[in-house]
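Input: a single structure, listed below in structure tokens.
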């Protein structure tokens, strides 16, 4: 007599994993028939960073702001919406609990455990013993030191003999007719002429939104945190900044004071060749 076994339900296949951000970029580029060198020439993004984007090696970027800027430029070139891709690779924000733990400081509660107390007592005794030994050695060295030689006071000088003043009818001639003229400062040396393409270095001393175009092409658009910087070479630059006072700008090694420049009608600052 055969036993009846219940029919097994067919297993539902697991859904295929979603393609990574790097594979989406690579497939889009290959669909458009472009090589990495061609994309590098069009966007000026270094070839190694293009490979890092397509291979999901986001740790190769010095800071999230560079990852955001290069990913947006690459997506704009491939005509892709970068916001969904950026939301997948953006670093997770710290929670309020993690920030509260950092502000609370280190936990010293373990130092009060019974296993640590004997070590603390022994360390204190060693410190006191070393200090006492050092004091005794210093006192012994002072006793063994020879007495300082006696210094004889110099003899008092002989009294000066008064010499009577000789009066003359001729008045002394003045030594000078007036104050000496002040030295003429040397003229400042002219600033060296810029050579192009020139290096533009923008360092944030305070956070703010920054939009930078180099030779007519967008190279960065996002928030620049304090301490981060942008470093590009080109002939002409157009800079939009929500907080110009929070940026330290150098062009060709020479400082540029944005507050002393007159912005364009759209609020931008044009640097380099006009």
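Residue numbers (our numbering): 1011 to 1284. Beta carbons: idealized from backbone N, C-alpha and C, even for Gly.
**Message:** If you reduce the DSSP assignment to three classes, tell me which class residue 1177 lands in.
**Reply:** Mapped onto the chain shown, residue 1177 falls at position 167. Here the model assigns residue 1177 a pLDDT of 47, short of 50, so the residue's position is not dependable, and the following value carries that caveat. Residue state, collapsed to three classes: coil.
**Asked** Which value, in whole angstroms, describes the spacing of the CA atoms of residue 1066 and residue 1254?
**Response** On the chain shown, residue 1066 is found 56 positions in, with the first residue counted as 1. On the chain shown, residue 1254 is found 244 positions in, with the first residue counted as 1. Approximately 34 Å between the Cα atoms of the pair.
**Prompt:** Counting Cβ pairs closer than 8 Å, one from the region 1030 to 1041 and one from the region 1063 to 1080, do we hit at least three?
**Reply:** yes
**Range covered by the alpha helix (DSSP H) that runs through residue 1071** = The sequence position of residue 1071 within the chain shown is 61, counting from 1. Residue 1071 -> no alpha helix (DSSP H), and no H or E assigned at all.
**Request:** Just mark residue 1283 as buried or exposed, buried being the case when its beta carbon has 16 or more other beta carbons within 10 Å.
**Result:** Residue 1283 sits at position 273 when you count from the first residue of the chain shown. Classification of residue 1283: exposed, given that the 10 Å Cβ count is below 16.
**Prompt:** Based on Cα-Cα distance, which residue from 1076, 1268, 1262, 1274 lies nearest to residue 1238?
**Reply:** Here the question's residue 1238 lines up with position 228 in the chain shown. The option with the nearest alpha carbon to residue 1238 is 1076.
**Prompt:** So, are the CB atoms of residue 1038 and residue 1049 less than 8 Å apart?
**Reply:** Stepping through the chain shown from its first residue, residue 1038 is reached at position 28. Stepping through the chain shown from its first residue, residue 1049 is reached at position 39. The answer is no: Cβ separation not under 8 Å.
**Message:** Do residue 1148 and residue 1214 have their beta-carbon atoms positioned less than 8 Å apart in this structure?
**Reply:** As a first step, residue 1214 is located in the chain shown; it is residue number 204 there, counting from the start. As a first step, residue 1148 is located in the chain shown; it is residue number 138 there, counting from the start. Contact: no.
**Prompt:** Alpha carbon to alpha carbon, how far is residue 1144 from residue 1129?
**Reply:** The sequence position of residue 1144 within the chain shown is 134, counting from 1. The sequence position of residue 1129 within the chain shown is 119, counting from 1. Computed Cα separation, rounded: 23 Å.
**Message:** According to DSSP, is residue 1185 part of a helix, a strand, or is it coil?
**Reply:** Locating residue 1185 in the chain shown gives position 175, where the first residue counts as 1. At residue 1185, the pLDDT of 49 sits below 50, so the modelled position is not reliable; the number obtained from the coordinates is stated separately. Correct three-state label for residue 1185: coil.
**Item:** Completely contained beta strand (DSSP E) runs for the region 1198 to 1270, where each covers 3 or more residues
**Value:** 1208 to 1214, 1218 to 1224, 1227 to 1234, 1239 to 1244, 1246 to 1251, 1257 to 1261, 1264 to 1266
**Message:** Can you list, in chain order, the residues of its chain with a C-beta nearer than 6 Å to that of residue 1121? Leave out the 5 residues immediately preceding and following it.
**Reply:** Numbered from 1 along the chain shown, position 111 holds the residue referred to as residue 1121. Because the pLDDT of residue 1121 is 48, which lies under 50, any placement of that residue in the model is unreliable, and the number read from its coordinates should be weighed accordingly. Nothing meets the Cβ criterion.
**Prompt:** Nearest to residue 1060 by CA position, among 1236, 1080, 1096, 1041, is which residue?
**Reply:** Position 50 of the chain shown, counted from the first residue, corresponds to residue 1060. Among 1236, 1080, 1096, 1041, the Cα nearest to that of residue 1060 belongs to 1080.
**Item:** Unbroken alpha helix (DSSP H) run spanning residue 1060, endpoints
**Value:** Taking the first residue of the chain shown as position 1, residue 1060 is located at position 50. That run of the alpha helix (DSSP H) goes 1057 to 1064.
**Item:** Cβ shell of residue 1070 (< 8 Å), same chain only, five flanking positions each side left out
**Value:** If you number the chain shown from 1, residue 1070 lands on position 60. 1058, 1059, 1062.
**Nearest candidate by alpha-carbon position, reference residue 1097, set 1082, 1055, 1088** = For this step, residue 1097 is matched to residue 87 along the chain shown. Taking only the C-alpha atoms, the option nearest residue 1097 is 1082.
**Message:** With H, G and I counted as helix, E and B as strand and the rest as coil, what does DSSP make of residue 1277?
**Reply:** Reading the chain shown from its first residue, position 267 is the one you call residue 1277. Note: residue 1277 maps to coil in three-state DSSP.
**Request:** Output yes or no for whether 8 Å exceeds the beta carbon distance between residue 1240 and residue 1222.
**Result:** As a working note, residue 1240 is residue 230 in the chain shown. As a working note, residue 1222 is residue 212 in the chain shown. For residue 1240 and residue 1222, yes; Cβs fall inside 8 Å.
**Prompt:** What is the DSSP secondary structure of residue 1133, reduced to helix, strand or coil?
**Reply:** On the chain shown, residue 1133 is found 123 positions in, with the first residue counted as 1. Helix, per DSSP.
**Message:** Whole angstroms are fine: how far does the CA of residue 1260 sit from the CA of residue 1183?
**Reply:** By one-based count along the chain shown, residue 1183 stands at place 173. By one-based count along the chain shown, residue 1260 stands at place 250. Caution is warranted here: a pLDDT of 44 is assigned to residue 1183, below 50, making its placement in the model unreliable, and the coordinate value is therefore given only provisionally. Distance between the alpha carbons of residue 1183 and residue 1260: 60 Å.
**Asked** Is it buried or exposed for residue 1208, if we count other Cβ within 10 angstroms and need 16 for buried?
**Response** For the purposes of this step, residue 1208 is identified with residue 198 of the chain shown, where counting begins at 1. Buried, because 16 or more other Cβ atoms sit within 10 Å of the Cβ of residue 1208.
**Message:** Using only the alpha-carbon positions, how far apart do residue 1138 and residue 1131 sit?
**Reply:** What you label residue 1138 is simply residue 128 of the chain shown in a count that begins at 1. What you label residue 1131 is simply residue 121 of the chain shown in a count that begins at 1. Roughly 11 Å between the two C-alpha positions.
**Prompt:** Who are the near neighbours of residue 1028 in its chain, counting only those whose CB is closer than 8 Å to its CB and skipping five residues on each side?
**Reply:** Translated into positions along the chain shown, residue 1028 becomes position 18. Same-chain partners within the cutoff: there are none.
**Request:** May I ask you to report which of helix, strand or coil DSSP gives residue 1282?
**Result:** Numbered from 1 along the chain shown, position 272 holds the residue referred to as residue 1282. DSSP places residue 1282 in strand when its eight states are reduced to three.
**Request:** Give the single residue among 1133, 1043, 1274 whose Cα lies nearest to the Cα of residue 1250.
**Result:** As a working mapping, residue 1250 is identified with position 240 in the chain shown. Among 1133, 1043, 1274, the Cα nearest to that of residue 1250 is on 1274.
**Prompt:** Which residue comes first and which comes last in the alpha helix (DSSP H) that contains residue 1052?
**Reply:** Position 42 of the chain shown holds residue 1052. That run of the alpha helix (DSSP H) goes 1046 to 1053.
**Prompt:** What are the start and end residues of the alpha helix (DSSP H) that includes residue 1095?
**Reply:** Here residue 1095 refers to the residue found at position 85 when the chain shown is read from its first residue. First-last of the alpha helix (DSSP H) with residue 1095: 1092 to 1099.
**Request:** Starting from residue 1032, trace the alpha helix (DSSP H) both ways and give me its first and last residue.
**Result:** Within the chain shown, the letter at position 22 stands for residue 1032. Per DSSP, residue 1032 belongs to the alpha helix (DSSP H) from 1031 to 1041.
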